[in-house]
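In the numbering used here, the protein residues as written are 10 to 266.
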């Protein structure tokens, strides 16, 4: 089954053409990588997928499990199951990590069952699913599984976190929503060898547990290998100029773009 299908997509930023005639398909449960030189349009493409308001679609379509995304807001796209892990997560004062993680999880559960919070509280099964005690236990298990210290849960979002901790926490946000489609923007940026391996394991966990499709912007052949990449797309001057398997990434690492 195709998770994301992009057909003949042209994208503009104000009056400037950024992407031209982009077509690709990403099956559910697969990992695809987007490569290309700086300014090729990689970030423009993923921002268009998530609905960034500065990018307008001039032609073509983006379909998510057969449904066009073009009229949907970023929040609506997120609730459909599209998750985005940023290259440089921001530190936010006053937002305690465990609180915002619970809010995101609660919103996901309520949307999944089409319930208000009051309705969920009156439903025995949903009330149990939304139990803060149960949620705290689940968080602690996930933090331990992926080498994050549980004390981070009581700190402000990303405040004083290492690069690896920030990326892992962002992946925890995604994991709690059981995403259908996960976008990773330079996941390897700022990570040491051990942190990169753990982050890759988190992505593979989502792929195997939830059949999550993954689109990853990276030039790291190690990450490409760790993720078990199915297809590589090379973007240059706003167009897809090559596509292939992992060997294409190795070739580009040696020869450049």
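Glycine included, every Cβ here is placed at the ideal spot set by N, Cα and C.
Asked: Environment of residue 26 [buried if 16+ CB atoms lie within 10 Å]; Found: exposed
Asked: Whole-Å CB distance - residue 92 paired with residue 188, under 8 angstroms assumed; Found: 4 angstroms
Asked: Residue 173: first and last residue of the uninterrupted alpha helix (DSSP H) it sits in; Found: 172 to 185
Asked: Exposure label - residue 53; buried when at least 16 CB within 10 Å; Found: buried
Asked: Candidates 178, 74, 42, 208, of which the one nearest residue 12 by Cα; Found: 74
Asked: Cα-Cα separation between residue 259 and residue 163, rounded to whole angstroms; Found: 42 angstroms
Asked: Residue from 192, 216, 181, 172 with nearest C-alpha to residue 205; Found: 172
Asked: Distance between beta carbons of residue 249 and residue 241, contact taken as under 8 angstroms; Found: Actually they do not touch by this definition, with Cβ atoms about 11 angstroms apart.
Asked: Limits of the unbroken beta strand (DSSP E) element including residue 251; Found: 248 to 253
Asked: CB-CB length for residue 207 against residue 155, believed under 8 angstroms; Found: 6 angstroms
Asked: Collapsed DSSP secondary structure at residue 97 in the structure displayed; Found: coil
Asked: Residue nearest to residue 175 in terms of C-alpha spacing, selected from 201, 98, 134, 183; Found: 98
Asked: Extent of the continuous alpha helix (DSSP H) run through residue 112; Found: 106 to 122
Asked: Residue 76 (DSSP reduced to helix, strand or coil); Found: strand
Asked: Inter-residue CB distance, residue 94 and residue 64 (contact presumed, cutoff 8 angstroms); Found: The pair is not a contact, with the Cβ atoms about 19 angstroms apart (cut-off 8 angstroms).
Asked: Per DSSP, the bridge partner or partners of residue 70; Found: 16
Asked: Anticipated Cβ contact below 8 angstroms, residue 247 with residue 29, distance rounded; Found: 5 angstroms
Asked: Cβ distance (whole Å) where residue 114 is taken to contact residue 185 below 8 angstroms; Found: 5 angstroms
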